[in-house]
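Right, one structure below, let's go through it.
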Amino acid sequence: MNQKNSPGILKRCWQILRSPTSRFSLGTLSSVGFIVGIMFWGGFNWAVELSNTETFCISCHEMEVNVYEEYKDTVHYNNRTGVRATCPDCHVPQEWHYKIMRKVVATGELFHHLAGSLSTPEKFEEKRLELAQSVWRSMERSDSRECRNCHDYDSMDFFNQQRRAVAGHIDGFDEGKTCIDCHKGIAHSLPAMYEVDPSAVVGNSGHN
Amino acid sequence: MNRSRIFALAGATLLILAAGSFAQDVESLRGATELVDAPRLPTLKRWEPDQQPIARDFVQQPPLVPHSIDSYSIDLRSNKCLTCHSWANYQEAGATKISQTHFADSEANVLANVAPRRYFCNQCHVPQMDTDPLVENTFEPVKAIQ
């Protein structure tokens with residue numbers, strides 16, 4: 001039972017916090033607080049940016065052996081000009097508020113890593129379509145915002161594009177499509193598309 | 209030794225010497241460089257960019273791919289070629305539809321979708337590079353399809 005002879009630890013902390021100091025001036029407290037605040041804010045953002053690097057992303061084994069290996073065969077990894085797009089360039093928004101929201105969602109990914117939801121290739125394959133559709137959905141909702149970080153439609157030089165690209169881009173954007181509508185599979189292997197496009201699969205002759 | 213054997217030996221020697229004099233015209237794919245020298249690097253060739261369909265040279269020829277297929281992947285999960293060339297997608301994509309011959313398996317049963325033995329398009333259909341033929345030839349298509 002609480003004796004209440006001397007105040008409890010919580011009450012004492014509260015009293016320390018709310019009573020004015022007799023040693024330090026307002027100016028001292030304000031400027032020290034300002035500087036510490038800058039350091040904290042900088043440190044916070046530095047830590048967030050550390051989690052926005054390719055090295056960090058592939059530190060999880062299920063990312064390194066599955067999606068990273070597939071990405072290495074694609075144009076965003078290796079191309080004529082050497083201009084690359086790494087994991088955060090496509091999957092983490094650059095605007096601060098969207099970025100922080102994505103980081104909050106990423107705690108779910110952290111949970112699944114610790115729970116081992118994708119710890120074997122078989123588990124990954126089972127989930128591949130669901131994971132892909134989740135990313136496609138967020139890209140459609142944001143109108144392929146991350147693609148547009150680098151690819152600006154108004155700056156496209158159609159003279160330098162190939163025949164099918166010119167037609168695809170002009171018609172596609174006129175129809176109100178967004179980048180991800182046509183460019184699925186640009187960076188990672190497409191999932192088994194049975195539910196999305198049943199024509200792009202193999203027939204079954206009835207033997208087993 | 210008897211006479212015919214001497215003649216056979218002489219004839220064989222002459223043949224070998226004659227053949228040896230032609231040996232200078234035979235070159236391996238490395239070119240005329242010695243084994244210890246580094247070979248001259250061949251010029252880099254490029255895939256042909258998107259173009260109009262290419263005419264076939266013989267009737268059963270699998271049509272050549274007239275466009276770039278860089279990074280297009282065909283695996284067990286998905287077939288990139290079919291996202292434009294399947295019967296469901298070809299009209300919207302403005303592409304040639306995959307032939308109905310590709311729906312039959314090896315026992316001539318017609319299947320409900322592309323047969324497994326026709327699934328890997330690249331086994332027969334190839335894009336082109338802008339370069340000379342590997343071997344000079346005078347092949348011509350038959351008049352009927354020219």
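Chains as they are written, first to last, in our numbering: chain A, 1 to 208; chain B, 209 to 354.
Glycine included, every Cβ here is placed at the ideal spot set by N, Cα and C.
Of all the options the options, which has the alpha carbon lying nearest to the alpha carbon of residue i?
i, options, result
"Arg137 of chain A", "A:Tyr68, A:Cys179 and A:Asn45", "A:Cys179"
"Arg80 of chain A", "B:Arg254, B:Val350 and B:Glu315", "B:Arg254"
"Phe44 of chain A", "A:Lys103, A:Phe159, A:Val75 and A:Arg141", "A:Lys103"
"Gln161 of chain A", "B:Gln259, B:Glu300 and B:Arg238", "B:Gln259"
"Glu95 of chain A", "A:Ser142, A:Arg163 and A:Ser22", "A:Ser142"
"Ser144 of chain A", "A:Glu64, A:Asn78, A:His183 and A:Glu109", "A:His183"
"Val343 of chain B", "B:Arg213, B:Gly219 and B:Leu237", "B:Leu237"
"Thr291 of chain B", "B:Glu315, B:Gln269, B:Val322 and B:Gln268", "B:Val322"
"Met63 of chain A", "A:Gln133, A:Thr120 and A:Trp46", "A:Thr120"
Return yes when the Cβ of residue j is within less than 8 Å of the Cβ of residue i, no when it is not.
i, j, result
"Pro356 of chain B", "Arg264 of chain B", "It is not possible to answer for residue 356 of chain B, since the shown part of chain B is limited to 209 through 354."
"Ile186 of chain A", "Thr74 of chain A", "yes"
"Cys87 of chain A", "Glu54 of chain A", "yes"
"Val92 of chain A", "Asn52 of chain A", "yes"
"Ala192 of chain A", "Leu129 of chain A", "yes"
"Cys60 of chain A", "His97 of chain A", "no"
"His293 of chain B", "Ile306 of chain B", "yes"
"Thr241 of chain B", "Pro247 of chain B", "yes"
"Ser286 of chain B", "Leu190 of chain A", "yes"
"Tyr77 of chain A", "His188 of chain A", "no"
"Arg326 of chain B", "Ser314 of chain B", "no"
"Glu256 of chain B", "Asp340 of chain B", "no"
Considering just the uninterrupted stretch of the alpha helix (DSSP H) at residue i, what are its terminal residues?
i, result
"Glu315 of chain B", "That residue, Glu315 of chain B, is in no alpha helix (DSSP H); it is neither H nor E in DSSP."
"Trp46 of chain A", "Leu26 to Leu50"
"Gln15 of chain A", "Ile9 to Arg18"
"Ala227 of chain A", "The first residue shown for chain A is 1 and the last is 208, placing residue 227 of chain A beyond what the model contains."
"Gln133 of chain A", "Pro121 to Arg141"
"Gln299 of chain B", "Tyr298 to Ala301"
"Gly108 of chain A", "Trp96 to Ala115"
"Pro271 of chain B", "Taken as a continuous stretch (DSSP letters only), Pro271 of chain B belongs to no alpha helix (DSSP H), as it is neither H nor E."
"Glu69 of chain A", "Tyr68 to Tyr71"
"Phe56 of chain A", "Glu54 to Cys57"
"Leu290 of chain B", "Leu290 to His293"
"Pro88 of chain A", "Cys87 to His91"
"Cys182 of chain A", "Cys179 to Cys182"
Contact criterion: CB-CB distance below 8 Å. Does residue i meet it with respect to chain E?
i, result
"Gly82 of chain A", "In the structure shown, chain E does not exist; the protein chains are A and B."
Notebook entry, point to check: Looking at C-beta atoms only, is the number of pairs between the segment 144 to 155 of chain A and the segment 80 to 89 of chain A that lie closer than 8 Å three or more?
Noted result: yes
Checklist line | Proximal residues, the segment 68 to 80 of chain A versus chain B, C-beta separation under 8 Å | finding: Asp73, Thr74 and Val75
Next item on the list: With 8 Å as the C-beta to C-beta threshold (strictly closer), list the residues of the segment 287 to 312 of chain B near chain A in chain order.
Entry: Asn287, Lys288, Leu290, Thr291, Ser294, Trp295, Ala296, Asn297, Gly302 and Phe311
Note to self: What are the residues in the segment 230 to 259 of chain B lying within 9 Å of chain A by C-beta distance?
What the structure shows: Pro257, Asp258 and Gln259
Margin query: Taking 8 Å as the cut-off, does the segment 320 to 335 of chain B touch the segment 281 to 288 of chain B (at least 3 CB pairs, one atom from each stretch)?
Written below: yes
Next item on the list: Could you run through the segment 177 to 193 of chain A and flag, in chain order, every residue whose CB is less than 8 Å away from some CB of chain B?
Entry: Gly185, Ser189, Leu190, Pro191, Ala192 and Met193
Next item on the list: Determine which residues of the segment 93 to 105 of chain A have a Cβ less than 9 Å from any Cβ of chain B, and write them out in chain order.
Entry: none
Next item on the list: Check distances from the C-beta atoms of the segment 140 to 160 of chain A to those of chain B and list, in chain order, the residues that come in under 9 Å.
Entry: none
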